[in-house]
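Data block below; observations after.
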Amino acid sequence: MQENIEVDRDLVRNDLRDETTIGSEVVVSTNPQDQVVSGFTRKFDGSPITLNDVDQWVDDNGNTHHYVVLGLDKNGQEIRTEVQITDAADPTSLSLNATYNQLNTSNSTESVRYNEDEFYKSTDSSVNSNTTTYEDGSVEYDKSTSDQAITVYNENVTDKEWEGSHSNTYATQDVTFADVGGVATAAQINTSASSFAEKTTKYKAGQVLEEETTRTFTNEGGEQDLLANTTSAYQGNWEHNEKLYAEGASDLKRVTTESSAGTSSYTSATQTVESEQASNNQETIYQAGDIRRTETGSESQSTTTTDVATGNSLTYATQDKSASTKFNTETGLLATQDVLSTKSRESQESLSTTEAGVTTSKTVVRGSETEKRSDRSSTKTVYGSQTNVAGDGSQTVLAKSEITVVDKFGIEESNQLTQANTNITAAGAATTTTQQRTDDVSGIKLEKTVTLEGASTQRVAGTTQTSSTIISAGEISVDGVSITANGVNANNTVVSNVANGVADSDAANLGQVRSYYNDVSGRVNQLNTRVDDVEKTSYRGIAIALAAQQQIPNIGAGQFAVFGGVGHYEGESAGALGLASVFADGRTSVSAAVGFAGGNEVGGRVGVSYVFGGK
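With the first letter of the sequence shown counted as 1, position 153 gets the number 569 in this note's numbering; the numbers rise by one all the way through.
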């Protein structure tokens, strides 16, 4: 029986190969081909004429002729054309002296440690490199590396249990030579490099994480045309991370993230082109809680082309975003309206142009948002906008949205459509006109709002004007003015442009009322004037009567008496003159008086008296 004895131990192995040689290498070679010379370059079927299509025949004089069958006529006979074959030039080649280096290394270690944190560790690495250096200084290479490690942790390490990683790198450079005046000259250089790495960690029981894996990848390269004086380059990176959570240790179960970014460029004597791209995505799965799963993602890219001579440029860019959430919710027609899932997506596209230092742009956005509920009802929002920016900085913005609500029966419950038009001047003053229509079973509501904002440099307070129209069963309302079966409620608002009433049941407008009022008022004024005249005349008549009431003096038979008087009543005055006489019988007397007032009123009286009895 063999016993396992706990002994710390190390194993190491190293290999190395490094060789350098000198030689000569053909870097430019030509192998010209014979050429077909003909009045036709293609056959009837459209395919090009090549050496493989050439046939020959020998005439009676022993001369060789070459021909090509272009096709067949309707009788199946060949249609031929004679061709000439030109001999190719002799092959040529150019060589350069070169130094070759080959390097290969490998290293391997393995260790066991009973009393240290790392109980077991194994590593392997290698390097492979082939390099060619030409006499003109040009270099070509092909290189790669590889690394791998495994670690097992001892019991005294509380978190990690196992860890493994591996990585690789690659790099190449190629040189293309050309014949320039009989000299082998480096014409083009191509480079590329990439790396990949992966690391996985497994955790012990009792930790929040159960396992985590990370992967990364990078690449870069380029092309340089030494004769055309152009260059191009690119670089990018990618990363992936995944975390697995222990059961019951967290609400989370698994989180996966992935991101990438990169750039590329091209430069020539006339223009430059630069591009960028990026993306980010994450998925989260839950093992407990209200949320079951979430996802988010975004992608963007842009390309800018610039004219070297003028500086004019054009930039085209796109961007996409998305997000979704699923909840742990019971579903069914009898369920409550808890949120079951949400989902959103947005796309953006823009074009920016710069000419003579002036930049204009156009941006279009389109998106949607959807909410589904446990009773199968839902709300969906669709929106979009377009923004145009002029060279002076002024902007026009058109934005639209539509919100649709569907009930649990699958029937559209309401719909709301909104449109906003915004104009922004170069100084920053903005005018926004928003129109909205809401449509549901209770009716239709139309609303319009105009908002004015002063220029930012002026700090002018904004003003808002709002008007609305509501159409429902049995009622129409416009800005508080309503029409129902019971009548019209003007809500203390002027009702304008009302026609003249014709029938007895028609409404009268203000013009008709004023005309009627003026007519009645004139008649009343006339009556008042006449009453005033009668009143003055009567007051003057009373004043005349008072003035004419003179006591008859005690005169004898055959005598006469003259008298006068003044009367006043209610502001009116009058005067009177009178005459009295007694007849010869001494018993009969006569008196008379005439009075007058200031308004040409004249009054008079005559009286006779007789005395009875006595002597």
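Glycine is no exception: its CB is placed at the ideal position from the N, C-alpha and C atoms.
Q | Anticipated Cβ contact below 8 Å, Gly705 with Gly678, distance rounded | A | Walking along the sequence shown from the start, residue 705 turns up at place 289. Walking along the sequence shown from the start, residue 678 turns up at place 262. Incorrect: roughly 36 Å between the Cβ atoms, too far for contact.
Q: Tell whether a beta-carbon distance below 8 Å holds between Arg789 and Gln753.
A: For the purposes of this step, residue 789 is taken as the residue at position 373 of the sequence shown. For the purposes of this step, residue 753 is taken as the residue at position 337 of the sequence shown. Yes. Within cutoff.
**Q.** Check whether Leu427 and Thr525 have beta carbons under 8 Å apart
**A.** Reading the sequence shown from its first residue, position 11 is the one you call residue 427. Reading the sequence shown from its first residue, position 109 is the one you call residue 525. Going by C-beta atoms, Leu427 is nearer than 8 Å to Thr525.
Q) Is Thr745 buried or exposed, if buried means 16 or more other CB atoms sit within 10 Å of its CB? A) Residue numbering aside, residue 745 sits at position 329 when the sequence shown is read from its first letter. Classification of Thr745: buried, given that the 10 Å Cβ count is 16 or more.
Q) What are the boundary residues of the beta strand (DSSP E) that Ala565 is part of? A) Locating residue 565 in the sequence shown gives position 149, where the first residue counts as 1. Start and end: 555 to 569.
Q: Could you check the C-alpha separation between Tyr786 and Val755 for me, to the nearest Å?
A: Mapped onto the sequence shown, residue 786 falls at position 370. Mapped onto the sequence shown, residue 755 falls at position 339. In the sequence as presented, Tyr is not what sits at residue 786; that position holds Thr. Taking the straight line joining both Cα atoms gives about 11 Å.
Q) If we ignore side chains and look at the alpha-carbon of each, how far apart do Gly580 and Lys618 end up? A) On the sequence shown, residue 580 is found 164 positions in, with the first residue counted as 1. On the sequence shown, residue 618 is found 202 positions in, with the first residue counted as 1. Near 9 Å, if we compare the C-alpha coordinates of Lys618 and Gly580.
Q: State the Cα-Cα distance for the pair Tyr483 and Gly492, rounded to the nearest angstrom.
A: One-based indexing of the sequence shown puts residue 483 at position 67. One-based indexing of the sequence shown puts residue 492 at position 76. So the two alpha carbons sit approximately 18 Å from each other.
Q | Exposure label - Asp461; buried when at least 16 CB within 10 Å | A | As a position in the sequence shown, residue 461 is number 45, starting the count at 1. Result: exposed.
Q) Straight-line CA distance for Thr437 to Ala594? A) In the sequence shown, the residue the question calls residue 437 occupies position 21. In the sequence shown, the residue the question calls residue 594 occupies position 178. Going from the Cα of Thr437 to the Cα of Ala594 covers about 25 Å.
(Q) As a quick exercise: from Ser997, Ala961, Lys737, pick the residue whose alpha carbon is nearest that of Gly974. (A) The count along the sequence shown starts at 1 and reaches residue 974 at position 558. Out of Ser997, Ala961, Lys737, Ser997 has the C-alpha closest to the C-alpha of Gly974.
Q) Relative to the C-alpha of Glu711, which residue among Gln449, Tyr702, Val929 is closest? A) The sequence position of residue 711 within the sequence shown is 295, counting from 1. That would be Tyr702, whose Cα lies nearest to the Cα of Glu711.
Q: Could you tell me which of Val1022, Glu1017, Ala1013, Gly991 sits nearest to Val1006, measuring between CA atoms?
A: Within the sequence shown, numbered from 1, the residue matching residue 1006 stands at position 590. Looking at the Cα atoms, Val1022 is the closest of the given residues.
Q) Which residue's Cα is closest to the Cα of Ser695: Ser680, Ser716, Ser684, Ser681? A) One-based indexing of the sequence shown puts residue 695 at position 279. Answer by Cα proximity: Ser716.
Q: Would you kindly check if the distance between the Cβ of Asn546 and the Cβ of Tyr557 is under 8 Å?
A: Translated into the one-based positions of the sequence shown, residue 557 becomes position 141. Translated into the one-based positions of the sequence shown, residue 546 becomes position 130. For Tyr557 and Asn546, yes; Cβs fall inside 8 Å.
(Q) Short of 6 Å in beta carbon distance, which residues of its chain neighbour Ser538, apart from the five on each side in sequence? Order them along the chain. (A) Here residue 538 is taken as the residue at index 122 of the sequence shown, counted from 1. Only Glu526, Ile566 meet the Cβ criterion.
Q. DSSP three-state call for Asn934: helix, strand or coil?
A. For the purposes of this step, residue 934 is taken as residue 518 along the sequence shown, with counting starting at 1. Three-state result, Asn934: helix.
Q. So, using beta-carbon positions, are Thr775 and Ser766 closer together than 8 Å?
A. Here residue 775 is taken as the residue at index 359 of the sequence shown, counted from 1. Here residue 766 is taken as the residue at index 350 of the sequence shown, counted from 1. Not in contact: Thr775 and Ser766 (Cβ atoms no closer than 8 Å).
**Q.** Three-state class that DSSP yields for Ile958 in the structure shown
**A.** Counting from 1 along the sequence shown, the entry for residue 958 is found at position 542. Correct three-state label for Ile958: helix.
Q) Checking contacts by CB at 8 Å: is Ile707 closer than that to chain C? A) Absence of chain C from the displayed structure is noted, only one protein chain being present.
Q) By Cβ distance, which residues of its chain are closer than 6 Å to Val1027, with the 5 residues on each side in sequence left out? A) For the purposes of this step, residue 1027 is taken as residue 611 along the sequence shown, with counting starting at 1. Contacts found: Arg1003.
Q) Leu660 to Leu668, Cα distance in whole Å? A) Start at 1 with the first residue of the sequence shown, and residue 660 comes out as number 244. Start at 1 with the first residue of the sequence shown, and residue 668 comes out as number 252. Roughly 8 Å between the two C-alpha positions.
Q | Rounded straight-line distance, which links the Cα of Thr865 to that of Thr834 | A | Here residue 834 refers to the residue found at position 418 when the sequence shown is read from its first residue. Here residue 865 refers to the residue found at position 449 when the sequence shown is read from its first residue. So the two alpha carbons sit approximately 11 Å from each other.
**Q.** Where Gly983 falls, given that 16 or more other Cβ within 10 Å makes a residue buried
**A.** Residue numbering aside, residue 983 sits at position 567 when the sequence shown is read from its first letter. Burial call: buried.
Q | Gln928 in three-state terms, based on DSSP | A | If you number the sequence shown from 1, residue 928 lands on position 512. Gln928 falls in the helix class under three-state DSSP.
Q: Express the C-alpha separation of Asn645 and Thr688 in angstroms, rounding to a whole number.
A: By one-based count along the sequence shown, residue 688 stands at place 272. By one-based count along the sequence shown, residue 645 stands at place 229. Taking the straight line from one Cα to the other gives about 12 Å.
(Q) Please return the same chain residues whose Cβ sits closer than 8 Å to the Cβ of Lys742, not counting the five positions on each side in sequence. (A) As a working note, residue 742 is residue 326 in the sequence shown. Ile707, Arg708, Arg709, Thr710, Leu756, Ser757, listed in sequence order.
(Q) In whole angstroms, give me the CA-to-CA distance for Ser680 and Tyr550. (A) Here the question's residue 680 lines up with position 264 in the sequence shown. Here the question's residue 550 lines up with position 134 in the sequence shown. Roughly 29 Å between the two C-alpha positions.
(Q) Since Ile613 and Leu642 should fall inside the 8 Å C-beta cutoff, what is the C-beta to C-beta distance between them, to a whole number of angstroms? (A) Numbered from 1 along the sequence shown, position 197 holds the residue referred to as residue 613. Numbered from 1 along the sequence shown, position 226 holds the residue referred to as residue 642. One point to set straight first is that residue 613 is Ala, not Ile, in the sequence displayed. Actually they do not touch by this definition, with Cβ atoms about 34 Å apart.
Q) Taking C-alpha atoms, which residue in Asn531, Asn913, Ser454 lies nearest to Asn502? A) Within the sequence shown, numbered from 1, the residue matching residue 502 stands at position 86. Looking at the sequence itself, residue 502 is Thr, so the reference to Asn does not match. Among Asn531, Asn913, Ser454, the Cα nearest to that of Thr502 belongs to Ser454.
**Q.** DSSP-derived helix/strand/coil call for Arg529
**A.** Translated into positions along the sequence shown, residue 529 becomes position 113. If DSSP states are grouped into helix, strand and coil, Arg529 belongs with coil.
Q) Per DSSP, Ile827 forms a beta bridge with which residues? A) By 1-based counting over the sequence shown, the position of residue 827 is 411. Note: Ile827 sits in no beta bridge, so no partner.
**Q.** Sequence-distant residues of the same chain with beta carbon closer than 6 Å to Asp469, five excluded per side
**A.** Translated into the one-based positions of the sequence shown, residue 469 becomes position 53. Taken in chain order, the residues that qualify are Val484.
Q. With which residues is Leu833 paired in a DSSP beta bridge?
A. Taking the sequence shown and counting its residues from 1, the one referred to as residue 833 is at position 417. The partner list for Leu833 (beta bridge, DSSP) reads Glu818, Arg853.
Q: Entirely within the stretch 594 to 678 and at least 3 residues each: give me those beta strand (DSSP E) ranges in chain order.
A: 599 to 619, 625 to 641, 646 to 661
Q: Closer than 8 Å by C-beta to Glu1017: which residues in its own chain qualify, once you throw out the five before and the five after it? Chain order, please.
A: Within the sequence shown, residue 1017 is the residue found at index 601, counting from 1. Only Thr953, Arg956, Gly957, Ile960, Ala990 meet the Cβ criterion.
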